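Order-wise, the sequence lines are chains A and B.
Mapped onto my numbering, the consecutive letters of the first sequence carry residue numbers 66 to 311.
Mapped onto my numbering, the consecutive letters of the second sequence carry residue numbers 116 to 327.
Even for Gly, the Cβ is constructed at its ideal location relative to N, Cα and C.
Values in this document were obtained by computation on a predicted structure and should not be read as measured data.
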Amino acid sequence: MNDAISMSDAIHYQSRLPGGSHWSMVLKKGLTLRLIDDEGGANVGMLFYNPANLLERYNAPDTLKCQHTFKLTQGNCLYSDMGRVFCSITEDTAGWHDTVCGNATQKIVAQKWGERNYQQYRNDWQLNGYDSFLVEVAKYGMGKRDLAANLNLFSKVAVDAGGALMFDHSPVSAGRFVDLRFEMDTLVVLHTCPHPLNPATEYPRKAVSFQIRASDPVADDDLCRNHCAENQRGFQNTKLYTLGRA
Amino acid sequence: MIKDSALHPDHAVYREVVNAGDYYMRPLLQGQTLRILDLEGNQAADTLFYNAHDTSERYSAIDTIREQGNVYLTAGTVLVSNEGNPMLEIVADTCGRHDTLGGACATESNTVRYALEKRCMHACRDSWLLAVAEHEEFGMSKRDITHNINFFMNVPVTPEGGLTFADGISDAGKYVELAARMDVIVLISNCPQLNNPCNAYHPTPIEVLIWD
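Right, here's the structure in full:
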């Protein structure tokens, strides 16, 4: 049929998260989440858990060492501590995402941008990433002991020869996006609070749009699965976990 | 930064040799100093720290990296907790650089890094899980196994964003020393890894020394 649209073109749902907010959702295997930096300069803090066993969670060190990378971008897989792939970065127009700098805290936000409480400022209060994660994981019976090194999507932090961190605050264009293709059912916990190293003088309140669609089938020449031999084995582990299921 | 210690092993109040594949789990009191000694060279000591009075407060790799603005640990580094508090400070270091990006080996990550058939080979996370199971008094579980320090491991980051597992810069007799700023529980897995050239496929003992 000439007029048939591919499954992957059909957006099941789309919405927008205001800057400085938080949310969580379970994304099933076979779905792709597109996150869009609407204005340019957004940050998305993100953690993953297996909804069937919350002790299985995103592991940044394993993700980095399995792919011999410090930056995360298209072609990379995001690993659980159980050697499985929660999701693959199938598209990325940003080019570099951080996963080692953690979150701003109440203290960091107050020092950098001042305190703005809810009573006075309502929806323009200045939330921090750490408290945002605490609230979201509590919805699933978890707490601070369950937080791990998180992703900071859209934020680039490079390292110089001496190991010093360099937050890239050069101007970026609006509309940058990253696609996460989920390879297993995943609890996604996220916030849109500023990166802790963002040097902006005003609290950077940057909205993020998201779209959920069905993924294309993983082809034999899939970029992420074939990015390195380690990812092929990660996909094997993930397939073993879902043996016998659709 | 290379910095020697003035402490003499003869004056240590506690000494223990930890074989590769074993764990070490003991309290260290505020004001005490802990030395981890690489007895034969290029060994990895995968280490975690917890507040002895509330283990939900623990060493945080991300907070430590961010607060010092640098990914490498050496003399002068303050190890920061997930609550933003200083836990310990590296007060001497004859190795010069330690890693906290690469995490620990686990049987599951070994399947990804090396081969699925290596799934049953001993790994650091197994040592930690046995440690918390054998020390119920601390009330810990897998939830508490977080991102660790790899003392004596050299994992350089390139300006382009690569991560390399370079040959070790440690050697027989090199050590790192930490002064406790609060009462902590020290949990070390002396790494049993047999698949990684960084220890020449030959894991060896470390020694732990404590001074008052």
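Within chain B, partners of residue i - CB distance below 8 angstroms
{"i": "K209(A)", "result": "S171, N197"}
{"i": "P261(A)", "result": "R181"}
{"i": "G110(A)", "result": "Per Cβ cutoff of 8 angstroms: no residues; G110(A) is ~11 angstroms from chain B at best."}
Exposure of residue i, with buried meaning 16 or more beta-carbon neighbours within 10 Å
{"i": "K289(B)", "result": "buried"}
{"i": "R187(A)", "result": "exposed"}
{"i": "Y139(B)", "result": "buried"}
{"i": "T266(A)", "result": "exposed"}
{"i": "N197(B)", "result": "buried"}
{"i": "T279(B)", "result": "exposed"}
{"i": "C313(B)", "result": "buried"}
{"i": "I185(A)", "result": "The question names Ile, yet the displayed sequence has Gln at residue 185(A). Burial call: exposed."}
{"i": "A159(B)", "result": "buried"}
{"i": "N182(A)", "result": "exposed"}
{"i": "S71(A)", "result": "A caution first: S71(A) carries a pLDDT of 49, below 50, which makes its placement in the model unreliable, though a value can still be read off. With fewer than 16 Cβ atoms within 10 Å of its Cβ, S71(A) is classed as exposed."}
{"i": "G328(B)", "result": "With chain B covering only 116 through 327, there is no way to say anything about residue 328(B)."}
{"i": "C235(B)", "result": "exposed"}
{"i": "L194(B)", "result": "buried"}
{"i": "M66(A)", "result": "A caution first: M66(A) carries a pLDDT of 36, below 50, which makes its placement in the model unreliable, though a value can still be read off. Burial call: exposed."}
{"i": "T134(A)", "result": "buried"}
{"i": "R173(B)", "result": "buried"}
{"i": "G254(B)", "result": "exposed"}
Contacts that residue i makes with chain A (C-beta to C-beta distance below 9 angstroms)
{"i": "S224(B)", "result": "N124, P126, D127, K130, C131, Y144, D146, M147, G148"}
{"i": "A221(B)", "result": "N124, D127, D146, M147, G148"}
{"i": "T331(B)", "result": "Here chain B has residues from 116 to 327 only, and residue 331(B) is not among them."}
DSSP beta-bridge partners of residue i
{"i": "R241(A)", "result": "D102(A)"}
{"i": "A75(B)", "result": "Limits of chain B in this structure are 116 at one end and 327 at the other, which puts residue 75(B) out of reach."}
{"i": "M140(B)", "result": "L302(B)"}
{"i": "I180(B)", "result": "Per DSSP, none; premise fails for I180(B)."}
{"i": "C152(A)", "result": "L143(A), F247(A)"}
{"i": "D286(A)", "result": "DSSP lists no partner for D286(A)."}
{"i": "L163(B)", "result": "L302(B)"}
Of the residues the options, the one placed nearest residue i, counting alpha carbons only
{"i": "Y268(A)", "options": "V174(A), S145(A), K130(A), S153(A)", "result": "V174(A)"}
{"i": "D157(A)", "options": "F300(A), R246(A), L305(A)", "result": "R246(A)"}
{"i": "G105(A)", "options": "V254(A), A284(A), H234(A)", "result": "H234(A)"}
{"i": "S197(A)", "options": "P259(A), G148(A), N124(A)", "result": "P259(A)"}
{"i": "M116(B)", "options": "D146(A), V109(A), G228(A), R278(A)", "result": "G228(A)"}
{"i": "D103(A)", "options": "S89(A), S80(A), P116(A), Y123(A)", "result": "S80(A)"}
{"i": "A127(B)", "options": "E292(B), E172(B), N185(B)", "result": "E292(B)"}
{"i": "V272(B)", "options": "L98(A), V237(A), L129(A), P83(A)", "result": "L129(A)"}
{"i": "V91(A)", "options": "T251(A), D163(A), A159(A), R241(A)", "result": "T251(A)"}
{"i": "K177(A)", "options": "V222(A), G95(A), N115(A), Q191(A)", "result": "Q191(A)"}
{"i": "I177(B)", "options": "R270(A), D285(A), Y195(A)", "result": "Y195(A)"}
{"i": "L305(A)", "options": "D241(B), E223(B), S242(B)", "result": "E223(B)"}
{"i": "A230(B)", "options": "E295(A), S280(A), G309(A), G95(A)", "result": "E295(A)"}
{"i": "F164(B)", "options": "Q183(B), D327(B), F266(B), V133(B)", "result": "F266(B)"}
{"i": "A190(B)", "options": "T170(B), D161(B), R150(B), C220(B)", "result": "R150(B)"}
{"i": "S55(A)", "options": "H256(A), A169(A), A213(A), T138(A)", "result": "In the structure as shown, chain A begins at 66 and stops at 311. Residue 55(A) is therefore absent and cannot be evaluated."}
{"i": "N269(B)", "options": "Y187(B), A295(B), C306(B)", "result": "Y187(B)"}
{"i": "E252(B)", "options": "A167(B), I180(B), A281(B)", "result": "A167(B)"}
{"i": "P320(B)", "options": "H123(B), Y129(B), N134(B)", "result": "N134(B)"}
{"i": "D214(B)", "options": "Q308(B), D298(B), L309(B), I180(B)", "result": "I180(B)"}
C-beta neighbour in chain B for residue i, strict 8 angstroms
{"i": "R199(A)", "result": "Note that residue 199(A) is Leu in the sequence shown here, rather than Arg. It does not: the Cβ of L199(A) has no partner Cβ on chain B nearer than 8 angstroms."}
{"i": "T170(A)", "result": "yes"}
{"i": "N141(A)", "result": "no"}
{"i": "K36(A)", "result": "Residue 36(A) lies beyond the range of chain A shown here (66 to 311); nothing can be said about it."}
{"i": "A69(A)", "result": "For A69(A), the predicted structure reports a pLDDT of 46, less than 50, and the residue's modelled location is therefore unreliable. The matter cannot be settled from this model."}
{"i": "C166(A)", "result": "yes"}
{"i": "A159(A)", "result": "no"}
{"i": "N302(A)", "result": "yes"}
{"i": "D225(A)", "result": "yes"}
Cutoff 8 angstroms: residue i Cβ touching any chain A Cβ
{"i": "I264(B)", "result": "no"}
{"i": "I177(B)", "result": "yes"}
{"i": "Y174(B)", "result": "no"}
{"i": "D133(B)", "result": "Residue 133(B) is actually Val in this sequence, not Asp. So, not an interface residue."}
{"i": "L203(B)", "result": "no"}
{"i": "V186(B)", "result": "yes"}
{"i": "L122(B)", "result": "no"}
{"i": "T279(B)", "result": "yes"}
{"i": "P274(B)", "result": "yes"}
{"i": "L216(B)", "result": "yes"}
{"i": "L231(B)", "result": "yes"}
Closer than 7 angstroms at the beta carbon, the chain A residues around residue i
{"i": "V193(B)", "result": "Neighbours of V193(B) on chain A: none; closest Cβ ~15 angstroms, over 7 angstroms."}
{"i": "T162(B)", "result": "Going along chain A, no residue has its Cβ under 7 angstroms from T162(B), so there is no contact; the nearest lies around 14 angstroms."}
{"i": "V247(B)", "result": "The premise fails here: V247(B) is roughly 12 angstroms from chain A at the closest Cβ pair, so nothing lies under 7 angstroms."}
Listed by chain order, chain A residues near residue i by CB distance under 8 angstroms
{"i": "K329(B)", "result": "Limits of chain B in this structure are 116 at one end and 327 at the other, which puts residue 329(B) out of reach."}
Within chain B, the residues that residue i reaches when beta carbons sit closer than 9 angstroms
{"i": "D233(A)", "result": "Under the 9 angstroms cutoff, chain B gives no residues; its nearest Cβ is about 11 angstroms from D233(A)."}
{"i": "A203(A)", "result": "Chain B residues near A203(A): none, gap ~14 angstroms exceeds 9 angstroms."}
Beta-carbon neighbours of residue i, restricted to chain B and to distances below 7 angstroms
{"i": "E156(A)", "result": "Those within 7 angstroms of E156(A) in chain B number zero; the least Cβ separation is about 18 angstroms."}
{"i": "E295(A)", "result": "V227, R228"}
{"i": "G299(A)", "result": "V227"}
{"i": "A229(A)", "result": "G184, N185"}
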